[in-house]
Structure formats: structure tokens, C-alpha cells
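Visitor: Read top to bottom, the protein sequences are chains A and B. Going by my numbering, the first residue of the first sequence is number 128, and it counts up by one from there. Going by my numbering, the first residue of the second sequence is number 128, and it counts up by one from there.
Number of protein chains: 2
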Amino acid sequence: MSVKEVLLRVPATCRPTSRDREKHELTESIEEYTEGIFRLQEEIEVVSTGDIAKYMGVAPASVTTMLKRLVEIGLVEHIPYQGVRLTTKGEQLSIALLRKHRLVERLLVDFLELPWEDVHDLACKLEHYISEDVASRISKAMGHPSTCPHGNPIDVTVGDGSKRLADCIEGEELTVAKITDERLEFLTYIMQIGLLPNTPITVQSRTPFGDVLSLDVEGIEGTIAIGRDVANSVWVFGRG
Amino acid sequence: MSVKEVLLRVPATCRPTSRDREKHELTESIEEYTEGIFRLQEEIEVVSTGDIAKYMGVAPASVTTMLKRLVEIGLVEHIPYQGVRLTTKGEQLSIALLRKHRLVERLLVDFLELPWEDVHDLACKLEHYISEDVASRISKAMGHPSTCPHGNPIDVTVGDGSKRLADCIEGEELTVAKITDERLEFLTYIMQIGLLPNTPITVQSRTPFGDVLSLDVEGIEGTIAIGRDVANSVWVFGRG
DNA sequence: AACTATTTTTAGCTTTGGCTAAAAATAGTT
DNA sequence: AACTATTTTTAGCCAAAGCTAAAAATAGTT
Ligand SMILES: [Mn+2]
Ligand SMILES: [Mn+2]
Ligand SMILES: [Mn+2]
Ligand SMILES: [Mn+2]
Chain A
128 MSVKEVLLRV
138 PATCRPTSRD
148 REKHELTESI
158 EEYTEGIFRL
168 QEEIEVVSTG
178 DIAKYMGVAP
188 ASVTTMLKRL
198 VEIGLVEHIP
208 YQGVRLTTKG
218 EQLSIALLRK
228 HRLVERLLVD
238 FLELPWEDVH
248 DLACKLEHYI
258 SEDVASRISK
268 AMGHPSTCPH
278 GNPIDVTVGD
288 GSKRLADCIE
298 GEELTVAKIT
308 DERLEFLTYI
318 MQIGLLPNTP
328 ITVQSRTPFG
338 DVLSLDVEGI
348 EGTIAIGRDV
358 ANSVWVFGRG
Chain B
128 MSVKEVLLRV
138 PATCRPTSRD
148 REKHELTESI
158 EEYTEGIFRL
168 QEEIEVVSTG
178 DIAKYMGVAP
188 ASVTTMLKRL
198 VEIGLVEHIP
208 YQGVRLTTKG
218 EQLSIALLRK
228 HRLVERLLVD
238 FLELPWEDVH
248 DLACKLEHYI
258 SEDVASRISK
268 AMGHPSTCPH
278 GNPIDVTVGD
288 GSKRLADCIE
298 GEELTVAKIT
308 DERLEFLTYI
318 MQIGLLPNTP
328 ITVQSRTPFG
338 DVLSLDVEGI
348 EGTIAIGRDV
358 ANSVWVFGRG
């Protein structure tokens with residue numbers, strides 16, 4: 128038997144994408160939708176098709192199609208025209224994904240020293256390709272961290288007791304807990320104004336309807352003024 | 128503006144798969160084929176549609192379709208009914224992918240302590256999702272290794288001076304260089320017979336047509352007999 | 001209650017990347 | 001040279017996951 132024949136009898140273990148996928152296996156898209164619905168459910172009572180479409184950046188019609196698939200797999204319950212709710216299976220998948228995502232972020236930032244504001248997008252991809260076992264090994268190697276580099280909990284089933292900065296009042300002394308908007312541009316801004324997790328801050332003033340908060344941020348000169356949107360995506364612990 | 132409205136104005140940065148992909152972006156499949164052709168070219172003169180089909184575990188018709196795409200992107204030259212050749216672009220892509228693959232394997236084995244025989248498949252997936260920058264950071268963090276855990280070179284442009292164990296003669300004193308068949312079952316067997324990279328071995332005997340080699344393997348009791356297929360996938364350095 | 005506006009779903013289209021079966025090209029043999 | 005066998009390509013199909021435009025359902029207003 129020639130070398131060539133031997134070579135061809137040893138196929139590349141890595142086969143093209145869709146080949147090995149059996150019907151209704153969990154794809155990246157399916158997982159991403161499930162995770163998205165989970166995040167929405169954390170904030171709003173009943174999640175609608177339109178909410179998901181806006182949140183995922185996708186046409187409502189695409190959501191309807193995907194919901195059918197998610198129902199078939201048993202990840203969500205869907206009452207047409209009414210709304211959507213994750214099943215236990217869907218919740219568990221989301222919890223596992225969020226854990227993988229945040230552990231990967233820790234590896235990327237703490238071990239590989241990738242920029243803090245950059246890693247979210249990469250983690251969002253990798254989370255779908257690593258097993259529970261790999262996640263556990265990352266956890267072990269990184270000393271079992273409890274949050275991602277942006278302060279978000281690796282185990283979402285345990286509350287952290289933080290509140291929105293938007294809900295804080297004049298004079299409160301706080302510590303930044305987590306940043307929930309992890310888009311690159313947002314995190315870049317957050318870094319500029321020094322609101323990294325664990326940073327002590329004080330609310331200097333708050334306008335009547337809470338449109339603007341003025342903050343004293345440790346390590347930053349002068350006073351920082353932030354708007355509602357920002358204050359809603361920054362969560363804090365009470366201090367003192 | 129309500130919390131809900133704010134939430135929906137902050138879309139999940141992670142959008143469903145195909146959404147952000149523009150036409151003819153390099154997909155996982157495209158990369159996998161390119162890499163496969165590269166590996167085939169290392170061994171055989173002219174690579175045919177059938178070779179690729181066998182090697183990738185795919186129908187010949189699928190290869191023809193994909194070749195059209197690869198030509199269009201400029202990764203290969205294809206003369207119908209004749210054969211295929213990677214362009215410089217295709218070679219460079221392959222070199223970059225192999226580097227990513229093998230660096231990821233190092234991270235998985237050396238830092239995360241995943242089993243040596245297990246990591247190939249995972250690396251095969253992850254290689255398509257990490258940037259050159261991430262690869263470089265892995266390289267740095269792992270002390271700039273020159274091979275993957277199975278001995279295969281991270282920079283394939285530099286030769287390592289190894290030869291096939293199948294081409295060795297009676298009495299030769301050797302050191303295992305690399306295992307080129309990285310399928311789980313094969314590596315599991317290799318581990319059982321102790322042929323890990325860097326292991327010193329001696330060829331005790333060789334049958335007339337080289338069908339069977341009997342080896343003395345350091346750390347393993349008695350003599351190990353291996354066949355042609357195995358001896359073709361194990362590469363060695365001369366010792367002495 | 002009737003009309004209008006919004007939301008959701010349906011219908012039908014697209015790309016990627018597989019597949020099988022049939023047709024065409026190449027190679028091998030008498 | 002002609003026939004046969006093998007290889008490659010073409011043709012036509014499928015699933016996933018997007019899209020737009022039209023239809024249907026729900027909600028809001030007079
Ligand atoms: Mn993701
Ligand atoms: Mn994070
Ligand atoms: Mn791969
Ligand atoms: Mn390897």
C-alpha cells in the first residue's frame with residue numbers, strides 16, 4: 128500500500144462544517160437566540176417576537192422561524208402573537224453558555240492578556256465550541272473566578288446584590304460591580320471614564336428625573352457626568 | 128426612557144451566525160478545505176478531486192462545487208478533470224491555520240491540562256475563530272513552542288529533519304519526532320504503545336517488505352510490533 | 001362598533017454546503 | 001480504434017438561517 132493510499136485512508140478528522148451535524152443539533156444560532164431570550168427574561172416580564180428581533184438585530188420574520196425551531200427542540204414555549212418563555216432546558220442551556228462565555232473571557236484577559244474591552248465578541252463565538260469539561264478546566268486554571276472581567280457573574284443562579292447606578296441617589300458611596308453592556312464601544316468609553324469593576328465612586332449630584340448623574344470616580348480627575356443609558360448599564364454595590 | 132427600551136437599544140453584540148457574513152468571506156468550510164489540500168500537497172504531486180473527497184470525507188460532487196468557490200476567492204487553481212494547486216494566498220492561509228491549530232493544542236494540553244489524545248478535534252474548530260493576534264499571545268504565554276503536543280511543527284515553513292519510521296532499518300536508534308495521524312483512536316493507541324514524541328526507540332527487526340517493525344520502546348516492557356500504517360504516521364529523528 | 005396602527009406570521013426568495021443520480025470526460029484494455 | 005471502467009462534473013434536491021413583502025392578528029382610538 129502506497130504512502131498516498133495510507134494518507135487517504137487517514138482522513139482529516141476535521142470534516143467540513145455541516146457534514147456531521149444531525150438534524151436539530153444545537154447550532155450556534157440556536158444557542159445564541161436561547162441566550163438572548165434568557166437575558167431579556169431577566170429584565171422584562173413577557174418577551175415578544177419584536178423584543179427578540181430588536182435585541183438580536185434580526186428581522187421579526189426570522190425570529191418567528193427560529194422560534195418554531197426552538198419550540199421543536201424544547202427550549203422555549205411560544206404562544207403565537209402572545210410571547211415566549213424559556214423551558215427549564217432552555218434556561219439550563221443559557222446558564223451553561225453564560226458560564227462558558229465568562230470563563231473564556233477570564234482566560235483571554237487574565238492569561239492571554241487580551242484587551243479588557245475586546246474579548247466579549249471572541250468569547251461569544253468560542254462559548255459555542257467548548258465543552259463543560261473545558262469550561263471547568265478553565266475555571267480551575269484561573270482559580271475559580273466568580274465573575275467575568277467585566278464583573279458579570281459566572282454562575283448566574285447566585286445573585287450578587289448589586290443595583291443599577293441609575294437608581295442611586297445623591298451622596299451614595301458605591302463600588303462598581305459590573306458593566307452589563309459589553310459592546311466594544313461602550314466598554315472603551317467606560318474605561319475612559321474609569322468605571323472599571325471594583326472602582327470606588329461617589330454620586331455627587333443627580334438631576335430631578337435622573338437624566339444626568341455627576342460622579343466622583345477614584346483615579347479620575349474632576350467630576351464625571353453620565354447619562355441615563357450609561358447609568359443603566361453600570362451596576363454598583365453599596366459601600367460603607 | 129424605560130429600562131426595557133434601554134435594554135433593547137443595547138443589542139446582544141453576538142448576532143446570529145450568517146447575519147454579519149459578507150459574500151465570500153472565509154468560512155470554516157473554506158478554510159478546512161484549503162488546509163486539507165495543503166496537507167495533501169505535502170505528500171502527493173498532483174491533488175485530484177477524488178483525493179480531496181476521500182481526505183475530507185465528502186462526496187466528489189461536493190468537492191467540485193467547493194473548488195469553484197475556492198478558485199473564485201483565489202485560494203486554488205483548478206484545471207477541470209486535471210487537478211488542483213494552492214495559490215500563494217491558499218498556502219499562506221494554510222500556514223496560518225496550522226499555526227493557530229497547533230498553538231491552541233499547546234494551550235489546551237499544557238495550560239488547561241486536557242488529554243493529549245483529545246485536543247485535536249477541538250483545536251480544529253477553534254483555529255477558525257481566533258485571530259493572528261490571539262495566536263501570537265498564546266505563543267507568548269506558552270513560551271513560544273516550536274511544535275504541537277504531538278510533535279508537529281507550528282511553523283510549517285521550517286523543516287524538522289525527521290523521517291517516517293516506516294523508512295527505518297534494523298538496528299537504527301531513533302527518537303520519536305511527531306505523530307501525523309491525530310485522530311483520537313490512533314493517538315490513544317500510540318499512547319498505549321508508548322510512542323510519544325521525544326521517546327527513544329530502537330528498531331529491533333524489520334520484515335522483508337517492511338510490513339512489520341519490531342521496536343524497543345523506552346518505558347515499555349518487551350518488544351512492540353507495529354504495521355505499515357502506524358509506521359507511516361510516526362516520524363522519527365536519528366539518534367547517536 | 002368601526003377604523004387605524006402596530007405586531008406577528010406566512011409566503012416566497014437567497015446563500016452556504018452538503019447529498020444523489022445522471023452525464024461527460026478521461027484512462028485503460030483488448 | 002473501440003469498448004469498458006473510472007473519475008469528474010452537472011443537474012437538481014435538502015436543511016439552516018437569513019431576507020423582504022404581503023397577509024393576518026392584535027391593540028388603540030374615535
Ligand atoms: Mn455567542
Ligand atoms: Mn464579560
Ligand atoms: Mn479546522
Ligand atoms: Mn497536534
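Just so you know, even glycine gets a beta-carbon here, dropped at the ideal spot from N, CA and C. Note that the structure is predicted; figures quoted are calculated from it, not measured.
What is the DSSP secondary structure of Phe336 (chain B), counted as helix, strand or coil?
Guide: Indexing the second sequence from 1 puts residue 336 (chain B) at position 209. Three-state result, Phe336 (chain B): coil.
Visitor: Measuring CA to CA, which of B:Glu159, B:Pro242, B:Ile281, B:Lys290 is closest to Asp260 (chain A)?
Guide: Translated into positions along the first sequence, residue 260 (chain A) becomes position 133. Nearest option by C-alpha distance: B:Pro242.
Visitor: Please indicate yes or no: does the CB of Cys275 (chain B) lie closer than 7 Å to some heavy atom of ligand 3?
Guide: The count along the second sequence starts at 1 and reaches residue 275 (chain B) at position 148. False, no ligand heavy atom lies under 7 Å from that Cβ.
Visitor: Of the residues that make up the region 255 to 280 of chain B, which ones have a beta carbon closer than 9 Å to any beta carbon in chain A?
Guide: For chain A, the residues of the region 255 to 280 of chain B that bring a beta carbon within less than 9 Å of one of its beta carbons are Tyr256, Ile257, Ser258, Asp260, Val261, Arg264, Ile265, Lys267, Ala268, in chain order.
Visitor: For the region 164 to 233 of chain A, list the beta strand (DSSP E) runs that are entirely contained and at least 3 residues long, ordered along the chain.
Guide: 203 to 206, 210 to 213
Visitor: Can you list, in chain order, the residues of its chain with a C-beta nearer than 6 Å to that of Leu194 (chain B)? Leave out the 5 residues immediately preceding and following it.
Guide: By 1-based counting over the second sequence, the position of residue 194 (chain B) is 67. These residues qualify, in order along the chain: His205.
Visitor: Going straight from the alpha carbon of Pro327 (chain B) to that of Glu299 (chain B), what length do you get?
Guide: Your numbering for residue 327 (chain B) matches position 200 in the second sequence. Your numbering for residue 299 (chain B) matches position 172 in the second sequence. Between Pro327 (chain B) and Glu299 (chain B), the C-alpha separation is close to 11 Å.
Visitor: Would you say the beta carbon of Lys252 (chain A) is closer than 7 Å to some non-hydrogen atom of ligand 1?
Guide: For the purposes of this step, residue 252 (chain A) is taken as the residue at position 125 of the first sequence. Result yes, Cβ under 7 Å from ligand 1.
Visitor: First and last residue of the beta strand (DSSP E) that includes Leu235 (chain B)?
Guide: Numbered from 1 along the second sequence, position 108 holds the residue referred to as residue 235 (chain B). Leu235 (chain B) -> no beta strand (DSSP E), and no H or E assigned at all.
Visitor: Just the Cα atoms here: how many angstroms apart are Asp237 (chain A) and Leu225 (chain B)?
Guide: Taking the first residue of the first sequence as 1, we reach residue 237 (chain A) at position 110. Taking the first residue of the second sequence as 1, we reach residue 225 (chain B) at position 98. In a straight line, the C-alpha of Asp237 (chain A) is about 25 Å away from that of Leu225 (chain B).
Visitor: Is there at least one non-hydrogen atom of ligand 2 closer than 7 Å to the beta-carbon of Arg136 (chain A)?
Guide: Position 9 of the first sequence, counted from the first residue, corresponds to residue 136 (chain A). Within the chosen limit of 7 Å, ligand 2 does not reach the beta carbon of Arg136 (chain A) with any heavy atom.
Visitor: Have a look at Arg310 (chain B) and Gly201 (chain B) and give me their C-alpha separation to the nearest angstrom.
Guide: Within the second sequence, numbered from 1, the residue matching residue 310 (chain B) stands at position 183. Within the second sequence, numbered from 1, the residue matching residue 201 (chain B) stands at position 74. So the alpha carbons of these two residues sit roughly 30 Å apart.
Visitor: With a CB to CB cut of under 8 Å and the five nearest residues on each side skipped, what residues in its chain are close to Gly346 (chain A)?
Guide: Here residue 346 (chain A) corresponds to residue number 219 of the first sequence, with the count starting at 1. The residues are Gly321, Thr326.
Visitor: Can you list the residues of chain B that Ile282 (chain A) reaches, using a CB-CB cut of under 7 Å?
Guide: Taking the first residue of the first sequence as 1, we reach residue 282 (chain A) at position 155. Strictly speaking, residue 282 (chain A) in this sequence is Asp, with Ile absent from that position. Here the premise fails: no neighbours, minimum Cβ distance about 20 Å.
Visitor: Any beta carbon of chain B sitting closer than 8 Å to that of Leu342 (chain A)?
Guide: Position 215 of the first sequence, counted from the start, is the residue given in the question as residue 342 (chain A). No, Leu342 (chain A) does not count as interfacial toward chain B.
Visitor: Excluding the 5 residues preceding and the 5 following Phe364 (chain B) in the sequence, name in chain order all residues of the same chain whose CB lies nearer than 6 Å to its CB.
Guide: For the purposes of this step, residue 364 (chain B) is taken as the residue at position 237 of the second sequence. Counting only Cβ-Cβ distances below 6 Å, and skipping sequence neighbours, we find Ser289, Thr302, Ala304.
Visitor: Of all the options A:Ala180, A:Val231, A:Glu240, A:Met269, which has the alpha carbon lying nearest to the alpha carbon of Glu254 (chain A)?
Guide: Position 127 of the first sequence, counting from 1, holds the residue named residue 254 (chain A). With distances taken between Cα atoms, Glu254 (chain A) lies closest to A:Val231.
Visitor: When you measure from the CB of His255 (chain A) to every non-hydrogen atom of ligand 1, does any distance come out below 7 Å?
Guide: For the purposes of this step, residue 255 (chain A) is taken as the residue at position 128 of the first sequence. Remark: the shortest separation between the CB of His255 (chain A) and any heavy atom of ligand 1 falls under 7 Å.
Visitor: Any heavy atom of ligand 3 inside 7 Å of the beta-carbon of Glu232 (chain B)?
Guide: Stepping through the second sequence from its first residue, residue 232 (chain B) is reached at position 105. For ligand 3, not one heavy atom lies less than 7 Å from the Cβ of Glu232 (chain B).
Visitor: Indicate the three-state DSSP secondary structure (helix, strand or coil) for Thr274 (chain B) in the structure shown.
Guide: Residue numbering aside, residue 274 (chain B) sits at position 147 when the second sequence is read from its first letter. In the three-state reduction of the DSSP assignment, Thr274 (chain B) falls in the strand class, which pools E and B.
Visitor: Please go through the same chain and pick out, in chain order, the residues whose beta-carbon is closer than 6 Å to the beta-carbon of Glu297 (chain A), but skip the five residues on each side of it.
Guide: By 1-based counting over the first sequence, the position of residue 297 (chain A) is 170. Within the same chain, Glu297 (chain A) has close Cβ partners Val330, Ser332, Arg333.
Visitor: Between the C-alpha atoms of Ile351 (chain B) and Arg136 (chain A), what's the straight-line distance to the nearest angstrom?
Guide: Position 224 of the second sequence, counted from the first residue, corresponds to residue 351 (chain B). Position 9 of the first sequence, counted from the first residue, corresponds to residue 136 (chain A). For Ile351 (chain B) and Arg136 (chain A), the distance between alpha carbons rounds to 23 Å.
Visitor: Taking 8 Å as the CB-CB cut-off, is Ile200 (chain A) touching chain B?
Guide: On the first sequence, residue 200 (chain A) is found 73 positions in, with the first residue counted as 1. Closer than 8 Å: no.
Visitor: With a CB to CB cut of under 7 Å and the five nearest residues on each side skipped, what residues in its chain are close to Asp343 (chain B)?
Guide: By 1-based counting over the second sequence, the position of residue 343 (chain B) is 216. Cβ within range, chain order: Ile328, Thr329, Gln331, Thr350.
Visitor: Go to Thr363 (chain A), then tell me how far its alpha helix (DSSP H) extends in each direction, as first and last residue.
Guide: Translated into the one-based positions of the first sequence, residue 363 (chain A) becomes position 236. Before going further, note that residue 363 (chain A) is Val rather than Thr in the sequence given. Run containing Val363 (chain A): none in the alpha helix (DSSP H); it sits in the beta strand (DSSP E), 361 to 365.
Visitor: Check for me: the alpha helix (DSSP H) holding Leu311 (chain A) runs from which residue to which?
Guide: Counted from its first residue, the first sequence places residue 311 (chain A) at position 184. Element bounds for Leu311 (chain A): 311 to 319.
Visitor: When every heavy atom of ligand 4 is checked, does at least one fall within less than 7 Å of the C-beta of Arg264 (chain B)?
Guide: As a first step, residue 264 (chain B) is located in the second sequence; it is residue number 137 there, counting from the start. No, the beta carbon of Arg264 (chain B) sits no closer than 7 Å to any heavy atom of ligand 4.
Visitor: For a test of the three-state rule: what should DSSP assign to Val283 (chain B), helix, strand or coil?
Guide: Your numbering for residue 283 (chain B) matches position 156 in the second sequence. DSSP places Val283 (chain B) in coil when its eight states are reduced to three.
Visitor: Just the C-alpha distance for Ala293 (chain B) and Ala180 (chain A), rounded to the nearest angstrom, thanks.
Guide: Taking the first residue of the second sequence as position 1, residue 293 (chain B) is located at position 166. Taking the first residue of the first sequence as position 1, residue 180 (chain A) is located at position 53. In a straight line, the C-alpha of Ala293 (chain B) is about 59 Å away from that of Ala180 (chain A).
Visitor: Can you say whether Ser258 (chain A) is buried or exposed, counting buried as having 16 or more other CB atoms within 10 angstroms of its CB?
Guide: Position 131 of the first sequence, counting from 1, holds the residue named residue 258 (chain A). When all chains shown are included, Ser258 (chain A) counts as exposed.
Visitor: What span of residues does the beta strand (DSSP E) with Ala304 (chain B) cover, start to end?
Guide: In the second sequence, the residue the question calls residue 304 (chain B) occupies position 177. Here the beta strand (DSSP E) through Ala304 (chain B) covers 300 to 306.
Visitor: Between which two residues does the beta strand (DSSP E) harbouring Ile353 (chain B) extend?
Guide: Counting from one through the second sequence, the residue named residue 353 (chain B) turns up at place 226. From DSSP, the beta strand (DSSP E) with Ile353 (chain B) extends over 350 to 354.
Visitor: Assuming the contact rule is C-beta atoms closer than 8 Å, Phe165 (chain B) and Leu197 (chain B) should be a hit. Round their C-beta distance to whole Å, please.
Guide: On the second sequence, residue 165 (chain B) is found 38 positions in, with the first residue counted as 1. On the second sequence, residue 197 (chain B) is found 70 positions in, with the first residue counted as 1. Their Cβ separation, rounded to whole angstroms, is 12 Å, which puts Phe165 (chain B) and Leu197 (chain B) out of contact at 8 Å.
Visitor: Less than 8 Å between CB atoms is the rule here; does Phe336 (chain A) satisfy it with respect to chain B?
Guide: To locate residue 336 (chain A), count along the first sequence from 1; it is residue 209. By this cut-off, Phe336 (chain A) is not an interface position.
Visitor: Which of the three DSSP states is assigned to Thr329 (chain B) in this structure?
Guide: Within the second sequence, residue 329 (chain B) is the residue found at index 202, counting from 1. Strand at Thr329 (chain B).
Visitor: Using a 10 Å radius around the Cβ and a threshold of 16 neighbouring Cβ atoms, would you call Tyr208 (chain A) buried or exposed?
Guide: Along the first sequence, read from residue 1 onward, the residue named residue 208 (chain A) stands at position 81. Counting Cβ neighbours within 10 Å, Tyr208 (chain A) comes out exposed, since fewer than 16 surround it.
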